[in-house]
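> Below is a structure I'd like to ask you about.
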Amino acid sequence: MSRGGGPRRRRTRHVSAGGLVPWALSLPARLHVRWLVILLVTVAVMGVYGRALVTADPMPPSQAPAAELENGSEQGSAPSTTAAPTPEIR
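Numbering (the working numbering), first residue to last: 699 to 788.
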């Protein structure tokens with residue numbers, strides 16, 4: 699005795715109610731080319747990022763921020779009479 703209980707039916711394809719975008723997004727999976735799409739997207743993103751790195755303006759040279767002293771003058775602008783002189787290192 700068979701357990702099926704009736705004739706087998708083939709599954710019919712039905713159009714999803716999602717529309718064109720879900721259909722287009724599922725197309726690589728249905729065509730079994732997911733790896734190709736992943737590879738193409740990865741190469742495209744790496745190319746865009748590489749172009750942004752190559753064509754970007756150079757970073758400005760780093761400079762230490764000017765710290766203000768207690769009397770309101772900037773450090774390094776004029777020698778202070780109250781500070782001890784720094785020894786020269788040779």
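A virtual CB, placed ideally from N, CA and C, is assigned to each residue, including glycine.
(1) Beta-carbon separation of P726 and V735 under 8 Å?
(2) To the nearest angstrom, report how far apart G745 and T784 are at their CA atoms.
(3) Determine the direct distance from the alpha carbon of P759 to that of V752, and round the result to whole angstroms.
(4) What runs of the alpha helix (DSSP H), each 4 residues or longer, lie entirely inside the region 728 to 767?
(5) Quick one: does G748 have its CB under 8 Å from some CB of chain B?
The answer reads as follows:
(1) Contact: yes.
(2) Going by the C-alpha atoms only, they are around 52 Å apart.
(3) Each residue's alpha carbon lies about 18 Å from the other.
(4) 732 to 753
(5) Of the chains in the structure shown, none is chain B; there is only one protein chain.
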